[in-house]
Amino acid sequence: MSSGKKTWSATLLATTVLVVTAACGGAGGGEGADGTVKLRFAYWGSDARQKMTEEAIKKFEAKNPGVDVEGEFSDWASYYETLSTKVAGSDAPDVISLEIRGLREYADRGTLADLAGKVDTADLDAKVLATGAIDGKQFAVPTGVNAFSLLVNPALVERSKAELPDDTQWTWDDYVELAARITSGSGGEVTGTQLSWNPAYLQIYATQKGEPFYEGNRLGLSPETVKEWWAIMQNLIRTKGAPDAAKSSEIGATSIDQSLLGTNSGAMGMWWSNQLGAAAKASGGQLDLLRMPKLSGAASGGMFLQPAMFYSASSTTGHAAEAAAFIDFMINDPEAGQIILSDRGLPASSKVLAAVRDKLPEADKKTLAFLDETKGELTDPPAAPPKGASAMEDILTRYSEEVMFGRMTPDDAAQKFITEANASIAG
Amino acid sequence: MAEVSVAVKPRRAVPGRPVRGGPRATRRSRREARAAYLFLAPWFAGLLVITIGPIVASLYLSFTDYSLLEEARWVGFDNYVRMFTEDSRFLSSLKVTTVYVVVSVPLQLAFALALALVLDRGLRGLSIYRSIFYLPSLLGGSVAIAILWRKVFGADGLVNAVLSVFGIQGPGWVGDPDTALGTLILLHVWTFGAPMIIFLAGLRQIPASYYEAAAVDGAGPLRQFRSITVPLLTPIIFFNLVLELIKSFQSFTQAFIVSGGKGGPADSTLFYTLYLYLQGFKNYDMGYAAAMAWVLLLIIAGLTGVNFLASKYWVFYGDTK
Amino acid sequence: MATRSRPIPALFRPLRGGRVVRHVLLIGFGLVMLYPLLWMISSSLKPEELIFRQPGLWPGEVTLENYTEGWYALKHPFGYYLWNSAVVTGLSVVANLVACSLAAYAFARLDFPLKRLWFAIMLGTIMLPHHVTIVPQYIMFSELDLINTIWPLVMPKVLATDAFFVFLMVQFIRTLPRELDEAAEIDGAGYWRIFVRVVMPLCLPALATTAIFTFIWTWNDFLSQLLYLNNPDNFTVTVALRTFLDASSDSSWGPMFAMSIVALGPIFGFFLAGQKYLIRGVATTGLK
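Listed in order, the protein sequences are those of chains X, F and A.
Numbered per numbering that gives the first Met the number 0, the first sequence spans residues 0 to 426.
Numbered per numbering that gives the first Met the number 0, the second sequence spans residues 0 to 320.
Numbered per numbering that gives the first Met the number 0, the third sequence spans residues 0 to 287.
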């Protein structure tokens, strides 16, 4: 036992030493020994974005000696989880990327700093910029813009002996009919379109009916609108213009590169305009953007611009000036623009956009042309949705699937959807 | 709860050592206790430094309204009341999880045990088979699983391709609310590697001398299997049962990955912990999530307790006679 | 392996003559089990744009492009992340082997006050879904200034917080006949010597199991590695793999599949090495 005792004392000692060194070790945050400021920048995305971002950061550091920017990267699925955990641990990154659904979750809870007057926003479209402002405070600066639109593969439409519509005046009925014709014309080889449960889609439809999606902290939608909207999708399934409910929900859970359009087994689909590049790359064909169909007699097409992403600064950062300078660089500096191009949406700054216009990839040039062409028809960018809206897509998808599978009547589901959505965004 | 969970040291007279009760025995048991606490020192340190704090914190948070981004606000039993009176998704997630556990755990364990027995010995190249059967478990929570699973059970997947040979048009198993949970159960069974390995290790730990002795006594193979293999393996079967129950009640990753983080279609794969996660991190209601966690803890602890009580009747330990 | 003296359980005896049948069944079953994996391997060899457009098992066109591209796609070559993972995983395996077997021996063989309570608490610690303890734990490690160090990942293992393995070893130790300890005790061995010389060698299968699982689970663990090692210089394999994917835009599926296969290499290798130790403990065979 005596040898055992010795071993034990040693083990205990080792454990203690370990805990103590662990407690003392670790890199101190904030300021480095040489007086450089360490700035933490949180973002999500892919390997390509990571590379571009690192490159842009290097540029920034070269221009701002004394600032060391450290990118904190996460994949999209875990982004908000890691971000909120860091905020909860009083360890918020200095510069935070957000998208519009998450904006008010953070802004309304005092997590973000007012950037008004700290970042130069002179070259940004005022209405787009306003989406990042809440109660007069500029909590976030948009990086670039997007429009929810219809993506189409013209070659597949033609091969299915159908014709591309005149998208300035096509109706929802035309859309359903075209989808059905593509499926039948191709002998089932190509499906007309695939379903989408993106709230932006419902928002466009509601605008055509003259209803806002959000009205303060409530939904502005009527149950009738939701039911009519579902009827479009039910018609698509019935006429085989879209796959049956089961396959639709299977595809719906995947990314754009596995979509019908992306795999050349479908001719249409609805996505954000900056996803055109990804879809085109996946399909290997030429894809185009179309205006969304309209209700006959609708005053407005309902399409709108929305920031693809925002930069914001933590309200607790000890380096507010450096954080603002970094955001300013990422938004306004053409050199950053040359690196990032359209990765975070078509640049919001008109100056940067003009500088990189010719360098954009083919798909993005197309998107740009489309947005220029439809500019006059777009409605004002909607304000950031209320706190709780990040769950909206999940809620909408769930009730939509209940209806498509026939497990709920549209009446019942519309009521329940509105009740649950209202509860979620009530405050 | 752990009535029989821990070895009760048999007090049998060992030559040269007095039976319990004498003064030397007290000294001995004190010595033994001291040794035990030394052996447990790292574990105690871990409990104190790493484990207990977060557990107690989560209990406290379950009585608060906590968004993660603001300070927690005490709300008493609100979260618990809301869970059982207003939240139909809570109950449906509990139902989904229960079905999953009740079906997949016995299935997976039976599978694992059967293959462990086949792969224990008697065939050339067994280690290769073992490795092959373990491979799926290595993929575990890989994001690729979501795609691979659709390749098998999707509308255009392998299963339907096989069915179409027989002229049957199969549904999209992954996308249909009636069958989606079934595919996740199969996914769980598919990754039977971990319990299989534990069974194998257990089989290897049974002293060969027992079989030799039994063979000398004229016991046939069936008899040997029944009266040596099964009884001596019961602690391991029991371990697998307890742990698989705990683990599958907490199943998260696979449902999260396959359903794209939503628990769809139409909530048919909304596992309990997936719902908890969505509440905590997507709806910014960590207080509610913590309350859900503690309800789950009570459920699992209750089940485990029953398990331990029942184990008295069927689990045999080599250290008690 | 063929020289084993132990008879085959009766259950499988009837098949003894039909070895070939058994092999055929096992191989067939193995192929079904492996279909998804084979698909992944085949996809990693296809030109990236064809992965979803030509989803069949046989690649029409074979290329190693995904491997070369994936290896160099990130800030560091992929080997860098393999090394990071290996460090975290290796330390975790060693720590778990030592710490968990110590605790397990005490629970399985020694008598001490409040034993049942401590045991129940130990089991209780794995019953809480980790999502709710992540935040308090992060706060703790952040207060200690340990973010972006390996301590938040390794320290829990050093301190035996993985109750799964403690319980696993308890169960294994308890299958061992106690006569062995007692014999050693008569020979004058203390608890430490019994632990090191008698119990541990007999637990080789259990130790191998612990090592294998710790290795695999730590290697595959994602969230805590993402949370605690979020600087691109500290990324581990699982975190690096996720960076190939982007839910909203185009993902690099080809490189992702290719590097997933590469990342499977070490765990599969470790498994192959470890399973050799799933052998009968030496001493048990000698016991009469």
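Where a beta carbon is used, it is the ideal one built from N, C-alpha and C, also for glycine.
By alpha-carbon distance to PHE303 (chain X), the top candidate from X:PRO381, X:MET329, X:ALA323 is X:PRO381. The beta carbon of GLY191 (chain X) does not come within 8 Å of any beta carbon belonging to chain F, so the residue lies off that interface.
Counted as a single uninterrupted DSSP element, the stretch harbouring PRO265 (chain A) is not any beta strand (DSSP E) but the alpha helix (DSSP H) occupying residues 252-274. Taking a contact as a CB-CB distance under 8 Å, the pair PRO153 (chain X) and THR190 (chain X) does not count as one, their CB atoms being some 16 Å apart.
For GLN168 (chain X), the number of other beta carbons within 10 angstroms of its own is below 16, and it is reported as exposed. Any Cβ of chain F closer than 8 Å to the Cβ of ALA205 (chain A) would place that residue at the interface, and such an atom is present. If you check each beta-carbon in the stretch 377-391 of chain X against every beta-carbon of chain F, the ones closer than 9 Å belong to LYS386, GLY387, SER389, ALA390. The shortest C-alpha to C-alpha distance from ALA207 (chain F) to any of F:ALA193, F:ILE196, F:GLN223, F:GLY217 is the one to F:GLN223. With contacts defined by Cβ atoms closer than 8 Å, GLU98 (chain X) and MET308 (chain X) form a contacting pair. When Cβ-Cβ separations below 8 Å define contact, ALA265 (chain F) makes contact with chain X. At least one CB atom of chain X sits nearer than 8 Å to the CB of GLU48 (chain A). Bounds of the beta strand (DSSP E) holding ASP67 (chain X) are 66-73. At least one C-beta of chain X is nearer than 8 Å to the C-beta of TYR137 (chain A). Beta-bridge pairing by DSSP links ARG217 (chain X) to X:GLU214.
In terms of beta-carbon proximity, ASP86 (chain F) stays away from the interface with chain X, with every pair separated by 8 Å or more. A Cβ of chain F is located within less than 8 Å of the beta carbon of GLU401 (chain X). With a cutoff of 8 Å on beta-carbon distance, TYR274 (chain F) and PHE89 (chain F) are scored as near each other. Around the beta carbon of THR209 (chain A), 16 or more other beta carbons lie within 10 angstroms, which makes this residue buried. Under the three-state reduction of DSSP output, SER84 (chain A) falls in the helix class.
Put simply, of A:PHE234, A:VAL134, A:GLY123, A:VAL236 the residue whose alpha carbon is nearest the alpha carbon of LEU296 (chain F) is A:GLY123.
Residues of the stretch 218-240 of chain A with a C-beta atom less than 7 Å from some C-beta of chain X are LEU222, LEU225, LEU226, ASN229, ASN230, PRO231, listed in chain order. For the stretch 91-125 of chain X, the set of residues with a beta-carbon nearer than 8 Å to any beta-carbon of chain A is empty.
A Cβ-Cβ distance of about 5 Å is found for the pair ILE125 (chain A) and ALA162 (chain A), placing them in contact under the 8 Å criterion. Three or more beta-carbon pairs drawn from the stretch 349-356 of chain X and the stretch 329-336 of chain X are found closer than 8 Å, and the two stretches are therefore classed as touching.
By alpha-carbon distance to PRO198 (chain X), the top candidate from X:LYS239, X:ALA146, X:ALA91 is X:ALA146. For ASN83 (chain A), the closest alpha carbon among the candidates A:TYR34, A:PRO254, A:ASN219 is that of A:ASN219. Selection F:VAL215, F:LEU116, F:ILE205, F:ALA290 evaluated against PRO230 (chain F) yields F:ILE205 as nearest (Cα-Cα). Interface with chain X (8 Å Cβ-Cβ cutoff): ILE146 (chain A) is included. DSSP lists X:GLY265 as the beta-bridge partner residues of THR190 (chain X).
The DSSP assignment places complete alpha helix (DSSP H) segments of no fewer than 4 residues inside the stretch 159-234 of chain A at 162-174, 178-185, 203-219, 222-227, in order along the chain. Nearest CB-CB separation between ASN263 (chain X) and chain A: below the 8 Å threshold.
For the pair of segments examined, the stretch 259-272 of chain F was found to touch the stretch 383-399 of chain X: the number of CB pairs separated by less than 8 Å reaches three.
Against chain F, the CB of MET32 (chain A) has a partner CB under 8 Å away; the residue lies at that interface.
For the set X:LYS226, X:VAL86, X:GLY405, the Cα lying nearest the Cα of ALA413 (chain X) is the one of X:LYS226.
Secondary structure of ASN234 (chain X) (DSSP, three-state): helix. Taking the CA atoms as reference points, LEU340 (chain X) sits about 47 Å from VAL161 (chain F).
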